[in-house]
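Report on the following structure.
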Amino acid sequence: MKQEVVAKINKFGKIGEVIAQISRILVILSAVILLATGILMLAMPKDLFTLDYYVGMDMQVDLDTIGEKITEEDMAELEADAYTVTTSDTEMVIVGVEADEEANTLNVNFASEPTNMFNTSKIVIFILLQLLLMVANFITITFIVKLCKEFKTCETPFSVGVIKRIKQVGFSLIPWCIVYPTAEAAANFMVSNNLNISIDIGMIIMVLVVLALAYIFQYGAMLQQESDETL
Numbered sequence: 015m016k017q018e019v020v021a022k023i024n025k026f027g028k029i030g031e032v033i034a035q036i037s038r039i040l041v042i043l044s045a046v047i048l049l050a051t052g053i054l055m056l057a058m059p060k061d062l063f064t065l066d067y068y069v070g071m072d073m074q075v076d077l078d079t080i081g082e083k084i085t086e087e088d089m090a091e092l093e094a095d096a097y098t099v100t101t102s103d104t105e106m107v108i109v110g111v112e113a114d115e116e117a118n119t120l121n122v123n124f125a126s127e128p129t130n131m132f133n134t135s136k137i138v139i140f141i142l143l144q145l146l147l148m149v150a151n152f153i154t155i156t157f158i159v160k161l162c163k164e165f166k167t168c169e170t171p172f173s174v175g176v177i178k179r180i181k182q183v184g185f186s187l188i189p190w191c192i193v194y195p196t197a198e199a200a201a202n203f204m205v206s207n208n209l210n211i212s213i214d215i216g217m218i219i220m221v222l223v224v225l226a227l228a229y230i231f232q233y234g235a236m237l238q239q240e241s242d243e244t245l
């Protein structure tokens with residue numbers, strides 16, 4: 015029974031190593047493509063690619079409900095004055111006024127100032143952030159490959175090598191708790207100009223679980239050693 019369990023662990027290690035190696039190759043290829051794209055973007059003019067957006071709002075006023083009639087003087091005053099409306103921290107000004115004399119309604123168009131969503135420089139920064147994530151991903155996968163190799167050849171899951179590799183995987187996940195939220199916040203800031211830093215609770219829990227598993231295995235190894243010494 016013991017040998018059957020160990021054989022399953024070895025088989026798991028072989029399969030896991032193959033999957034992890036393929037993942038590592040894909041990460042390397044993705045990083046090379048991103049790096050080449052970043053170099054290409056650096057050679058291009060800063061404003062070659064730009065995307066601006068603005069917030070718009072249409073307002074219709076039924077003048078019959080307030081017993082008023084729009085006049086040419088009122089229209090001229092509305093078009094001349096820069097009335098502003100603020101919604102969700104976005105300031106909008108009147109960009110167009112239309113009057114329907116038959117329906118006695120007034121249509122007012124508001125729009126915010128154009129905001130740059132991205133340009134060539136922002137694309138390069140975004141690529142650098144993605145490369146940073148690729149590096150963290152590569153490091154974690156490398157330690158997973160080493161862990162699977164230990165599983166593939168181990169005679170017991172409580173060996174020193176297995177415990178060491180589990181700890182390395184756990185510690186390699188720690189940078190993800192910082193790198194991923196930082197990269198996400200930076201990307202959002204470049205697009206919306208709003209800085210919103212969050213904490214990845216899920217990744218922190220994963221780090222704690224993996225490290226706890228490593229120390230559980232270490233405790234199991236101590237019990238196994240004491241049992242062997244007793245026998």
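Under our numbering, the first residue of the sequence shown is numbered 15, with each subsequent residue one higher. For glycine and all other residues, C-beta sits at the position ideal for the given N, C-alpha and C.
One alpha carbon belongs to Val159, the other to Glu31, and they sit about 5 Å apart. Counting other Cβ atoms within 10 Å of its Cβ, Pro171 reaches 16 or more and is therefore classed as buried.
Taking all protein chains in view, the Cβ of Lys25 is surrounded by fewer than 16 other Cβ atoms within 10 Å, so the residue is classified as exposed. Less than 8 Å separates the beta-carbon of Phe165 from that of Ile23. As the crow flies, the alpha-carbon of Thr167 is around 38 Å from that of Leu142.
8 Å or more divides the Cβ of Phe124 from the Cβ of Ala201. Contact between Trp190 and Met217 is confirmed by a C-beta separation of about 5 Å, below the 8 Å threshold. For the set Leu77, Gly27, Phe152 and Ala21, the Cα lying nearest the Cα of Leu40 is the one of Phe152. By the criterion of a C-beta distance shorter than 6 Å, Gly27 is surrounded in its chain by Cys162, Phe165 and Lys166, once the five residues flanking it on both sides are discounted. Taking the CA atoms as reference points, Ile29 sits about 15 Å from Val19. Excluding residues up to 5 positions away in sequence, Asn121 and Asn123 lie with their Cβ nearer than 7 Å to the Cβ of Asp72 in the same chain. For Ala57, the secondary structure class from DSSP, reduced to helix, strand or coil, is coil. When secondary structure is reduced to three states using DSSP, Phe124 falls in the strand class. Under DSSP, no beta-bridge partner is assigned to Thr154. Under DSSP, Met73 forms a beta bridge with Val122.
The three-state secondary structure of Cys191, taken from DSSP, is helix.
When only Cα atoms are considered, Gln144 and Leu43 end up about 13 Å apart.
Around the Cβ of Lys136, a 10 Å sphere holds 16 or more other Cβ atoms; the residue is buried. Looking from the CA of Gln74, the closest CA among Thr196, Thr119 and Leu227 belongs to Thr119. Assignment of Glu31 by DSSP, reduced to helix, strand and coil, places it in the helix class.
In the displayed model, Thr134 falls within a helix according to three-state DSSP. Going by beta carbons, Gly184 and Ala228 fall inside the 8 Å limit. Apart from the 5 residues on each side of it in sequence, Gly175 sits with its Cβ closer than 6 Å to the Cβ of Glu164 in its chain, given in chain order.
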